[in-house]
Amino acid sequence: MSTFSLVVPKEYGYVVLVGVGSTLVNMWLAFRVGQARKQFGVKYPTMYSDTNVVFNCIQRSHQNFLESYPQFLMTLFLGGFEFPKVAAGAGLVFLAGRVVYALGYSTGDPAKRMRGGFQYFGVLTLLGLSVRLGLRMLGHV
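Heads up, the sequence shown is in our numbering, so the first residue is 105 and it goes up one at a time.
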């Protein structure tokens, strides 16, 4: 069995800070859902309204973030080992896209969520960095 050494570069701090920033984005999205619950009278544990599309869009934007959050964190933290500045930048692109996505979606017009579609440039970059790390660990790169 061969080994692979991994040194965490000083610049990995940027990756950590983007990870913290993602927590703030998640909290902001959750806060928006809480505000919308009060505004539209949707009580817990009801997830979606039968009558209010705007509430449903706000709720859905948060749920959609949560659906992609584990993959984002994994690829951010793994991809950042070799290229921390690139990973941090890609993470910021993803998070900015998520904010634009949520703001567009919360208008009540689901098509406006696509304004945040540029988030995929960030997530695909992180995926590529993580694949590269895995291949390098196996000695293929």
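From the three backbone atoms N, C-alpha and C, an ideal C-beta is built for every residue, glycine too.
Bear in mind the structure is a predicted one, so any value in this text is a computation, not a measurement.
### CA-to-CA distance, V203 to F185, given in whole angstroms
What you label residue 185 is simply residue 81 of the sequence shown in a count that begins at 1. What you label residue 203 is simply residue 99 of the sequence shown in a count that begins at 1. Their Cα atoms are separated by approximately 26 Å.
### Task
Specify whether the stretch 175-189 and the stretch 205-215 touch according to this definition: at least 3 beta carbon pairs, one from each stretch, less than 8 Å apart.
no
### Query
Relative to the alpha-carbon of Y209, which residue among L110, V111 and H166 has its alpha-carbon at the smallest distance?
Within the sequence shown, the letter at position 105 stands for residue 209. Considering only alpha carbons, the answer is H166.
### Message
I believe A194 touches Y118 by the beta-carbon criterion, under 8 Å. Please report the beta-carbon distance rounded to the nearest angstrom.
### Response
For the purposes of this step, residue 194 is identified with residue 90 of the sequence shown, where counting begins at 1. For the purposes of this step, residue 118 is identified with residue 14 of the sequence shown, where counting begins at 1. Not confirmed; about 11 Å, so no contact.
### Task
Return yes when the Cβ of V137 is within less than 8 Å of the Cβ of L199, no when it is not.
Sequence index remark: in the sequence shown, residue 199 carries index 95 (1-based). Sequence index remark: in the sequence shown, residue 137 carries index 33 (1-based). Not closer than 8 Å, so no.
### Query
Cα separation between G221 and L110?
If you number the sequence shown from 1, residue 221 lands on position 117. If you number the sequence shown from 1, residue 110 lands on position 6. So the two alpha carbons sit approximately 33 Å from each other.
### Task
Compute the beta-carbon to beta-carbon distance between L133 and F169, rounded to the nearest angstrom, for a pair I have assumed lies under 8 Å.
As a working mapping, residue 133 is identified with position 29 in the sequence shown. As a working mapping, residue 169 is identified with position 65 in the sequence shown. Right, their Cβ atoms sit about 6 Å apart.
### Message
Going by C-alpha to C-alpha distance, which of Y224, N156, G232 and K189 sits closest to K114?
### Response
If you number the sequence shown from 1, residue 114 lands on position 10. Looking at the Cα atoms, K189 is the closest of the given residues.
### Query
To which residues of the same chain is Y173 closer than 8 Å at the C-beta, ignoring the five residues directly before and after it?
What you label residue 173 is simply residue 69 of the sequence shown in a count that begins at 1. So the list reads S126 and N130, once near-sequence residues are dropped.
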